[in-house]
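Here is the structure we will look at.
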Amino acid sequence: MNFDFSDEQKQMRDEARKYLAEQCPPKAVREVLDGKAPYDKALWKGLAEMGFLGVAIPEQFGGAGAGHLELCVIAEEMGRALAPVPFSSTVYLAAEAILIAGSDAQKQKWLPKIASGDAIGTLALFEGKGNPSPKAINVTASGGALNGVKKPVADGAIADFAVVAARTGSSGRESDISLFIVDLKAGGVEVKSLTNIDLTRGQAEITFKDAKAEPLGAAGEGWSVITQVLDRAAVLMAFEQVGGADRALEMGRDYALDRIAFGRPIGSFQAVKHMLADMYVSATLARSNCYYGAWALSTNAGELPEAAAAARISATQAFQHCAKNNIQVHGGMGFTWEFDCHMYYRRANAVALGLGSLSYWEDALIDRMRKKNAA
Amino acid sequence: MNFDDTPQEAAFRAEAKAWIAANAPKQYEEELRKASLGRVQLKGANILEVAKAWQKKKADAGWACLHWPKEYGGRGASPIERVIWQQEEGPFGRLSSMFIIGHGMCGPTMMAFAGEEQKRKYLPPLASGEKIWCQLFSEPAGGSDVAGLRTRAEKQGDEWVINGQKIWTSGAHYSDYGILLTRSDPNVAKHKGLTMFFLDMKSPGVEVRPIKQASGASDFNEVYFTDVRIPDSQRLGNVNDGWNVSLTTLMNERMSIGAGVSTGFPELFDFCNSLMLEDGPAIENRAVRSKLANWAVKASGLKYTSMRAISALSRGERPGPENSIGKLVAGSMIQDVASYALDLQGAAGALNGPEDAEVAGKFQAMLLRAPGTRVEGGTDEIMRNIIAERVLGLPGDIRVDKDVPFNKIPTKGRA
Ligand SMILES: Cc1cc2nc3c(=O)[nH]c(=O)nc-3n(C[C@H](O)[C@H](O)[C@H](O)COP(=O)(O)OP(=O)(O)OC[C@H]3O[C@@H](n4cnc5c(N)ncnc54)[C@H](O)[C@@H]3O)c2cc1C
């Protein structure tokens with residue numbers, strides 16, 4: 001047994017951290033936060049050049065072919081730096097969907113473009129409020145044409161293509177749902193930007209009016225693919241969340257050592273110390289759950305569904321917990337636009353929702369544990 | 376990231392499995408499996424005798440205190456092998472509860488500070504369970520603030536004369552030996568005047584009085600010392616250096632308490648799977664599921680945190696203060712889990728007669744024992760201090776008594 005990343009993987013983490021510290025300082029994140037750009041284009045190109053976008057894409061499709069453990073390592077650093085790029089939608093959602101369900105031709109077409117940073121992709125799943133469910137899908141597909149409205153779609157306004165979940169049957173079952181790839185720059189597609197609590201990653205509404213759609217995977221298999229994609233993305237996103245949680249904890253710790261009140265560093269007050277200790281505890285538990293998820297993801301183990309749900313819940317809680325208490329440790333300063341605390345708070349609360357909210361994953365986890373126990 | 380056994384580990388596991396299958400006291404397996412936290416009892420058998428017999432059998436076959444060196448009664452096993460053994464030992468491991476303090480804390484302290492001859496004499500019978508040890512640190516005036524203790528040690532020739540009182544000493548009533556922290560110099564600051572010994576609990580002048588605990592059980596004791604004589608050869612570490620010696624003990628305590636802590640989660644999950652509520656099975660209730668999921672990820676988080684620690688150990692890294700996390704999380708979790716299991720039972724949750732209560736009163740026993748878990752081996756607050764100061768590097772608490780000679784420190788909060 002060795003329950004840790006390898007030395008090479010740790011080296012990769014150091015490299016990614018160093019790169020992002022230079023190329024993605026808070027100042028760069030703020031360009032997007034303040035609405036000066038929809039995402040950081042230079043960083044996106046740079047990440048492609050570093051090989052980070054295609055780290056888990058096989059070499060035959062233009063990727064680095066390293067694997068999912070390596071992608072977890074990168075994901076953590078992206079979360080830590082709050083990288084304002086469509087990494088999660090393109091790499092965890094669109095690329096994974098194509099890897100799982102795409103034909104050879106589709107992989108040849110899209111994956112090299114993803115790895116090189118030439119195509120931004122996303123998953124168009126939600127249609128208004130609610131959690132992932134086949135019942136909530138009303139966008140229809142027939143005769144190769146899509147009709148209906150998706151929202152919110154992460155990074156929808158900057159994406160070149162979307163993997164879209166649409167209804168192709170009326171049996172009332174999961175098998176009604178199929179997946180399609182839609183070129184968002186083509187006719188029949190209207191995209192509108194929506195404001196959201198995380199200003200560093202956009203959300204959009206996409207309306208399809210007889211938009212041309214290409215099937216992804218077999219008809220009626222869409223929901224099973226969605227479930228797999230969400231599980232895989234849950235692990236990867238959990239690493240982003242743990243990266244963010246760790247950084248928020250670090251910021252709180254550093255501030256607690258510097259700020260003086262009543263003649264002492266505030267970090268010497270037990271209420272503050274204990275708040276930081278609890279942040280450490282939640283971040284540590286989440287990290288450990290993530291490691292298990294990473295193992296399950298990289299080996300495609302039968303435990304993946306359960307491990308993914310556990311990583312997702314634990315990392316969501318940890319990031320929210322650390323982000324909110326980081327502001328508390330910072331006092332009034334923490335509540336200013338100028339300090340970076342709110343960027344973590346915004347991100348923590350936005351990523352808590354995008355793959356299905358906590359209640360969805362809680363339900364999923366217990367279902368999965370129950371099935372395992374019954375087996 | 377790899378959970379599979381190496382061929383060597385797999386061979387070790389197979390050997391352990393086979394030996395346990397052939398030798399474990401299987402007649403108690405079911406009872407042990409069902410036993411509640413901190414309350415292992417066997418019907419019609421003396422638990423102490425059963426536990427000692429199992430430990431002795433393990434020792435004779437080389438399965439006791441696996442990670443100790445061979446010459447002291449162990450087998451020089453790796454940390455991973457120790458974990459494999461624990462996994463395979465399963466419910467029979469619960470028989471070891473009265474050895475935990477000896478094996479987890481006293482043994483390592485002896486190993487670090489006793490003379491070679493003493494180690495060879497005292498450690499093997501400790502490993503084999505023939506002799507049980509206790510830890511005599513806490514006093515009415517010094518629990519969290521261990522260095523506030525007052526039990527005096529005065530040197531007379533080649534001997535030390537001990538007077539004073541200890542409290543909350545687990546297992547003192549059945550222990551053969553103990554490690555004892557005393558005040559040898561009250562004229563210097565409190566951490567500087569302590570000295571550590573080990574002693575025979577049957578020495579003249581030692582009196583053990585069991586204390587009835589809040590849970591109703593009597594696992595811990597008061598221990599009184601009246602002119603008890605300990606030879607200087609049983610001193611551990613230097614005179615007045617007892618604080619440093621005790622840090623070794625406490626560090627190991629956190630490791631050994633933190634490693635195998637119960638969270639109550641598997642028990643609660645099973646319970647919710649079988650419990651029927653007014654509107655159907657508990658496990659299908661939305662609110663119940665949400666609670667369960669929250670505890671599930673804490674329990675798995677702890678499990679994988681300890682796996683990370685073991686991986687670090689096997690690479691030769693030392694266990695650090697981050698191990699305080701185990702007891703901190705599990706302690707309050709088991710309390711919350713137990714109270715929730717009672718809540719699900721409604722008014723009947725208050726009953727704890729084995730016949731009347733669900734799952735033989737397991738959760739009621741858990742609830743009543745849990746407050747002790749949050750206090751023993753360092754309270755939640757002390758654990759948080761350790762994490763804040765030694766993991767995160769925050770300033771130490773302000774210690775107004777730090778440089779004051781011990782005999783000048785005030786003894787009451789409200790004057
Ligand atoms: C079941 C059980 C078994 C035990 N077994 C043993 C044993 O075998 N041997 C042994 O030597 N001892 C044993 N103990 C004693 C145990 O180690 C102490 O009870 C424990 O360390 C707490 O000390 P205290 O009881 O003096 O509480 P106090 O130190 O008086 O604490 C009271 C409250 O004050 C808080 N507090 C104290 N100091 C601080 C601080 N610096 N910062 C914040 N809060 C603080 C505590 O967290 C607690 O909430 C046992 C205790 C229990 C409950």
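Which chain is which? The protein sequence lines are A and B, in order.
Everything in the first sequence is counted per the working numbering, starting at 1 for the first residue and increasing by one.
Everything in the second sequence is counted per the working numbering, starting at 376 for the first residue and increasing by one.
C-beta: ideal position from N, C-alpha, C; glycine also.
A quick note: this is a predicted structure, and the numbers were derived from the prediction, not measured.
- For residue 770 of chain B and chain A, any beta-carbon pair shorter than 8 Å? yes
- Item | C-beta neighbour in chain A for residue 648 of chain B, strict 8 Å | yes
- Query: When the Cβ atoms of the stretch 109–116 of chain A are set against those of the stretch 167–176 of chain A, are three or more pairs found closer than 8 Å?
  - Reply: no
- Short CB-CB distance (under 8 Å) between residue 291 of chain A and chain B: yes
- Query: Does ligand 1 have a heavy atom nearer than 7 Å to the CB of residue 658 of chain B?
  - Reply: no
- Query: Is residue 776 of chain B near ligand 1, going by C-beta to nearest heavy atom under 7 Å?
  - Reply: no
- Item | Beta-carbon proximity of residue 767 of chain B to residue 365 of chain A, cut-off 8 Å | no
- Cβ pair residue 81 of chain A, residue 20 of chain A closer than 8 Å: yes
- Message: Going by DSSP in three states, residue 123 of chain A sits in which element: helix, strand or coil?
- Response: strand
- Pull every residue with its beta-carbon under 7 Å away from any heavy atom of ligand 1, and keep them in chain order. A:270, B:476, B:509, B:510, B:511, B:512, B:513, B:517, B:518, B:519, B:520, B:541, B:543, B:544, B:545, B:546, B:588, B:594, B:595, B:747, B:750, B:751, B:752, B:753, B:754, B:755, B:756, B:757, B:760, B:772
- Cα-Cα separation, residue 647 of chain B to residue 678 of chain B: 21 Å
- Please go through the same chain and pick out, in chain order, the residues whose beta-carbon is closer than 8 Å to the beta-carbon of residue 45 of chain A, but skip the five residues on each side of it. 117
- Selection from A:310, A:88, A:269 that minimises the alpha carbon distance to residue 255 of chain A: A:269
- May I ask you to list the residues that DSSP assigns as paired with residue 652 of chain B? B:655
- Task: Could you name the residues of chain A that residue 703 of chain B contacts, counting a contact when the two beta carbons are closer than 7 Å?
- Result: 281
- In three-state DSSP terms, what is residue 637 of chain B? It is coil, neither helix nor strand.
- Item | Backbone secondary structure at residue 759 of chain B - three-state DSSP | helix
- Item | Beta-carbon contacts of residue 755 of chain B that lie in its chain and below 7 Å, excluding the five residues immediately before and after | 703, 706, 707, 749, listed in sequence order.
- Item | chain A contact for residue 673 of chain B (CB, 8 Å cutoff) | yes
- Query: Beta-carbon of residue 362 of chain A versus every beta-carbon of chain B: anything under 8 Å?
  - Reply: yes
- Does the beta-carbon distance from residue 738 of chain B to residue 769 of chain B come in below 8 Å? no
- Message: Counting only Cβ pairs nearer than 7 Å, list the residues of chain B close to residue 133 of chain A.
- Response: Neighbours of residue 133 of chain A on chain B: none; closest Cβ ~15 Å, over 7 Å.
- Out of curiosity, what's the CA-to-CA distance linking residue 214 of chain A and residue 143 of chain A? 10 Å
- Message: Below 9 Å on C-beta distance, what does residue 760 of chain B contact in chain A?
- Response: At a beta-carbon threshold of 9 Å, the residues of chain A lying near residue 760 of chain B are 270, 273, 274, 277, ordered along the chain.
- Item | For residue 322 of chain A, the residue or residues it bridges with in DSSP | DSSP, once it has assigned bridges, lists no residue as partnering residue 322 of chain A.
- Task: Could you check if residue 362 of chain A is buried or exposed, using at least 16 other CB atoms within 10 Å of its CB as the buried criterion?
- Result: buried
- chain A residues whose Cβ lies nearer than 9 Å to that of residue 718 of chain B: Within 9 Å of the CB of residue 718 of chain B, no CB atom of chain A is found; the nearest one sits about 18 Å away.
- Going along chain A, which residues have a C-beta under 8 Å from residue 380 of chain B? 1
- Task: Reducing DSSP to helix, strand and coil, say where residue 375 of chain A ends up.
- Result: coil
- Residue-chain proximity (residue 679 of chain B, chain A), Cβ-Cβ < 8 Å: yes
- By how many angstroms is the C-alpha of residue 245 of chain A removed from the C-alpha of residue 864 of chain B? The question about residue 864 of chain B has no answer here: the residues shown for chain B are numbered 376 through 790.
- Enclosing beta strand (DSSP E) for residue 553 of chain B [first to last residue]: 552–558
- Query: Can you find a C-beta in chain B that's less than 8 Å from the C-beta of residue 263 of chain A?
  - Reply: Taking 8 Å as the threshold, the shortest C-beta distance from residue 263 of chain A to chain B does not fall below it.
- Name the DSSP beta bridge partners of residue 241 of chain A, please? In DSSP, residue 241 of chain A forms no bridge with anything.
- Through-space distance from residue 518 of chain B to residue 479 of chain B, alpha-carbon basis: 19 Å
- How should residue 16 of chain A be labelled, buried or exposed, when 16 other C-beta atoms within 10 angstroms of its C-beta is the threshold for buried? Around the CB of residue 16 of chain A, 16 or more other CB atoms lie within 10 Å, so the residue is classed as buried.
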